[in-house]
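Everything in the sequence shown is counted per our numbering, starting at 477 for the first residue and increasing by one.
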Amino acid sequence: MQGITIVTPSLNQATYLEQCIDSILSQNYPDLEYIIMDGGSTDGSVEIIRKYEKYLTYWQSAPDGGHYQALNAGFKRSTRPVMGWLNADDMLHKGGLAVVGEVFDKLPHVEFLTGRRVGFDGDGKLHPFEYMTQTWCHDQMLSEELLYGYCLMVMQEGTYWRRSLWDRAGGALNIEYKLAADFDLWMRMSRLSPLYSVDALTGGFRMYSSEQRCNKHRDQYMDECKKVIDRELALQLPAEPHRSSAPPLIRYPIRDFSPPSVIVPRQLPRLSIVTPSYNQGEYLEECLDSVLSQGYPNLEYIVMDGGSSDGSVEIIKKYQKHLSYWQSRPDGGHYAAINEGFRRATGEVLAWINSDDKYHPGALHLVGDAFLGCPEVEWLTGSPTLWDSEGKAAGFSSEPPAWSREKFLRGEVNAPFIQQESTFWRRSLWDKAGGLDPDFALAGDLELWARFFRHARLYTLHAPLGGFRSRPGEGQRSEAHLERYNREAERVVIRERHLFGAQGAQTLEPPPPPLQVAEVVRRAGSRITPENFGFFTYSRRLHFPWFERNAAGLSGSSRPSDCDLKGYQELLICSFIRDNIPKGARILSFGSRTSGIVRALEQEYEMWNLDRLRTESADLLQRPVYGIRLVDGEIGGFSELLPGNYFDFVFSVGECGELQHSEEGCRSIVRDVERMLKPGAMALHSFRVVARGDRCTASLLMDHLRREGAPLNRPAPLEQVPIDPFTFAVLRQGTGAEPEREFAYNLLCRKDPADRRIRPRETPPPPPRPTRLRLNLERRPN
């Protein structure tokens, strides 16, 4: 076991001193260094100390300059690798030193440790304080709301640290602070190392009188804490994970516990997209947005405008800070502009998207994963899709077409076309085949595919990637010159047949089997992220491969054939949390269908559940597991039990209380969620939508968030969902003759990272129906 030093400063505390000493020595800890620094007591304290002096490493009784000077002097005499102090009127819990010693012995990454916030009353009986299972981090201790509003502070009596951390943090308590030198020490140490919490009793503060130093001088203590906070903020420390997020709670007894893993973004291949454009201002912005809103982390986007005069240049300038290069001048035509764009490109994977077409949300991440995880793929295309003239989805391919060189040689080049908007390739293939041939003014894409086929097979990724916008009757280039396109296509086929015949006997390979999303996810180690969440806006069967490695603890199936809608929502939210939120983070859930998620995550995160405790989430009360915080109330109610700027993540599933039925109530819910989230933290809301034919019924809160919530994922039109063959929906018999389909609609929102304001609590608007709000914090038995 690790050697532990405890220093006890004392001055005229004879009433409680012996209980303090006994609480330490009765632990029978095998390697204890115990030092008492008495300030010259005259109340019999010295006689008590002498009674125990043979068990002490050192003691003295002399004027010492004050509480913190005495502690500094005691620590200078100490030698053990683990340190802490216990004031003369406080006590250790039975077995507390064994807990501390075991944690520091078995978990070498832990340098800074505190226990549960359970102290004692004047008679020495247990006295629990609020937020007993509190976990901590540096940035949380900067919150004045938690300090002033909740008096939420690290319990010094249960806190220990390694000597190496003490030395790095300055090796002394700052005696400029007469009362809050402990808070100052915690702040300096937490700059350097995470403060871990162990779910066990270590030491406790004794609350016995309003005349206690801590109560008598509380305002002065708070003022000194405010000075510490101001000093810390003035340092403008760079962001570090251990400062912004609390480490996971250490369960006791210790079983398997490892340092919190850091979620490291994968290095996706650099993707270069070129958009050629000429007088397409009506559609250009939608095209640009479909590329840039993907949030692909390694994107090079180039726009080649041919000298437009319809306002296109102004649109491009609006986005120019997100573009790697753009120009607007005469360029020799459509394919010449694309060739010039690719000459400027540096990406490993290439594609172009015309200015009146667009990509599906999440497509670029899926493409990046496919090229990352499947090195045999040199070029790929997606399942063809169609947009109407307004940019709404008008058609999907339910079965992935297969293409091969053999089909091209047979002249099967347009049954169907290889959809250029969905096609991507490696730069190495482009270099081998050469660029677009300007001799083919219309069928340049098809001619390029023919040369690609000479070198590599085309894989079809069975998912929607991009789509062609059909504008019948508008003189669209592909419609107006279809006959000329077909003549050029025939020239390509004849040329390829002659080339194939001249090369002698060759074996034509069949098309490869469709590349399934499940295989891409498995081989690339794909994760659900805020950047690719547009792919998860509504429930799809394609999502389940992302869920497989994150289903632990959930009772339902992770296979679409056996899963219900609630199971899908649980899988999605658990997967997002485990893929993005560090272990030990503080998570709040609300809504009528959250209990399964809370159960699954309670051992990994600090879970809070806000509920009226009369829906299914109330069954959590029956679970004898310590650590889930149950708050009786309703979102939008601005509960005093839920601090501001506190939570790392918030999620909701199902009904969200009475306030969701009015616009003002929805605004109150949004403000309440933003109040509680840390700056930059996210909230994920999963709603149930019922489709009857082409009509969809959704909650008012969902509509409000789509319109005013600025979600990170672009809201998909509800009318797109029924025609998407990949939609995951559950059939049920409705009240009428027409069957109903239920699907999930998911919105991810983020609080402004710069918004560190402490919002005042609001009086929530009255609900549409009478209701009684009961605020209470339900405690779990230990």
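For every residue, glycine included, the Cβ atom is placed at its ideal position computed from N, Cα and C.
8 Å Cβ cutoff met for residue i and residue j
{"i": "Phe681", "j": "Asp566", "result": "yes"}
{"i": "Gln895", "j": "Phe944", "result": "yes"}
{"i": "Ala1027", "j": "Gly942", "result": "no"}
{"i": "Leu1064", "j": "Leu1030", "result": "no"}
{"i": "Pro1229", "j": "Gly1133", "result": "no"}
{"i": "Asn1056", "j": "Pro1006", "result": "yes"}
{"i": "Pro539", "j": "Met513", "result": "no"}
{"i": "Leu671", "j": "Cys613", "result": "yes"}
{"i": "Leu623", "j": "Pro1119", "result": "no"}
{"i": "Gly858", "j": "Val750", "result": "no"}
{"i": "Ile511", "j": "Gly550", "result": "yes"}
{"i": "Ile791", "j": "Leu747", "result": "no"}
{"i": "Val1165", "j": "Phe1219", "result": "yes"}
{"i": "Pro752", "j": "Ala813", "result": "yes"}
{"i": "Pro987", "j": "Ala878", "result": "yes"}
{"i": "Arg1054", "j": "Glu1082", "result": "no"}
{"i": "Ala827", "j": "Thr899", "result": "yes"}
{"i": "Tyr653", "j": "Glu700", "result": "yes"}
{"i": "Lys702", "j": "Glu620", "result": "yes"}
{"i": "Asp913", "j": "Glu897", "result": "no"}
{"i": "Pro717", "j": "Pro1058", "result": "yes"}
{"i": "Asp781", "j": "Ser804", "result": "yes"}
{"i": "Leu934", "j": "Leu856", "result": "yes"}
{"i": "Phe929", "j": "Arg881", "result": "yes"}
{"i": "Gly634", "j": "Gly591", "result": "yes"}
Bridge partner(s) assigned by DSSP for residue i
{"i": "Asp781", "result": "Ser753 and Ser804"}
{"i": "Leu862", "result": "Gly871 and Phe944"}
{"i": "Cys1225", "result": "Ala1159"}
{"i": "Ala1164", "result": "The displayed chain sequence assigns Arg, not Ala, to residue 1164. Ala1220, per the DSSP bridge assignment."}
{"i": "Trp535", "result": "Ile512"}
{"i": "Leu589", "result": "Tyr636 and Tyr672"}
{"i": "Met683", "result": "Asp597"}
{"i": "His603", "result": "Gly595"}
{"i": "Val825", "result": "Leu747 and Arg902"}
{"i": "Pro485", "result": "Met513"}
{"i": "Trp855", "result": "Trp901 and Leu934"}
{"i": "Trp561", "result": "Val483"}
{"i": "Val843", "result": "Note: Val843 sits in no beta bridge, so no partner."}
{"i": "Tyr1014", "result": "Tyr1221"}
Sequence-distant residues of the same chain with beta carbon closer than 7 Å to residue i, five excluded per side
{"i": "Glu708", "result": "Leu618 and Met663"}
{"i": "Pro557", "result": "Gln478, Gly479, Arg638 and Arg639"}
{"i": "Phe1009", "result": "Leu1188, Asn1189 and Leu1224"}
{"i": "Val968", "result": "Ala919, Leu922, Glu923 and Ala926"}
{"i": "Tyr728", "result": "Val575, Val674, Asp675 and Ala676"}
CB-CB length for residue i against residue j, believed under 8 Å
{"i": "Leu1047", "j": "Phe1023", "result": "4 Å"}
{"i": "Phe596", "j": "Leu641", "result": "Contact flag wrong, Cβ pair sits at about 28 Å."}
{"i": "Arg1190", "j": "Pro837", "result": "6 Å"}
{"i": "Glu964", "j": "Ala919", "result": "4 Å"}
{"i": "Phe1202", "j": "Arg1016", "result": "5 Å"}
{"i": "Val1126", "j": "Leu1153", "result": "6 Å"}
{"i": "Trp561", "j": "Val483", "result": "5 Å"}
{"i": "Ile1049", "j": "Ile1073", "result": "5 Å"}
{"i": "Leu481", "j": "Met559", "result": "This sequence places Thr at residue 481; Leu is not what is there. Confirmed, about 5 Å."}
Sequence-distant residues of the same chain with beta carbon closer than 6 Å to residue i, five excluded per side
{"i": "Trp925", "result": "Ile894"}
{"i": "Leu725", "result": "Thr611, Ser673 and Asp675"}
{"i": "Arg1025", "result": "none"}
{"i": "Ala1167", "result": "Pro1198 and Arg1217"}
{"i": "Gly457", "result": "Because residue 457 is not part of the residues shown, which for the chain are 477 to 1258, the question remains open."}
{"i": "Leu487", "result": "Gly515 and Ser517"}
{"i": "Ala657", "result": "Tyr544, Leu649 and Asn650"}
{"i": "Asn755", "result": "Ser784 and Asp786"}
{"i": "Tyr492", "result": "Asp565"}
{"i": "Pro990", "result": "Pro876, Thr936 and His938"}
{"i": "Glu494", "result": "Ile524"}
Beta-carbon contacts of residue i that lie in its chain and below 8 Å, excluding the five residues immediately before and after
{"i": "Asp864", "result": "Ala870, Arg945 and Ser946"}
{"i": "Val825", "result": "Pro745, Arg746, Leu747, Ser748, Val843, Gly844, Phe847, Phe900, Trp901, Arg902 and Arg903"}
Cβ contact check for the region 842-850 and the region 754-770: 3 or more pairs under 8 Å: Touching, no, given that fewer than three Cβ pairs across the two stretches are closer than 8 Å.
Sufficient close CB pairs (3 or more, under 8 Å) joining the region 575-583 to the region 517-529: They do not touch, by the three-pair rule.
At least three beta-carbon pairs within less than 8 Å, the region 796-804 to the region 972-989: Because the criterion of three Cβ pairs below 8 Å is not met, the region 796-804 and the region 972-989 do not touch.
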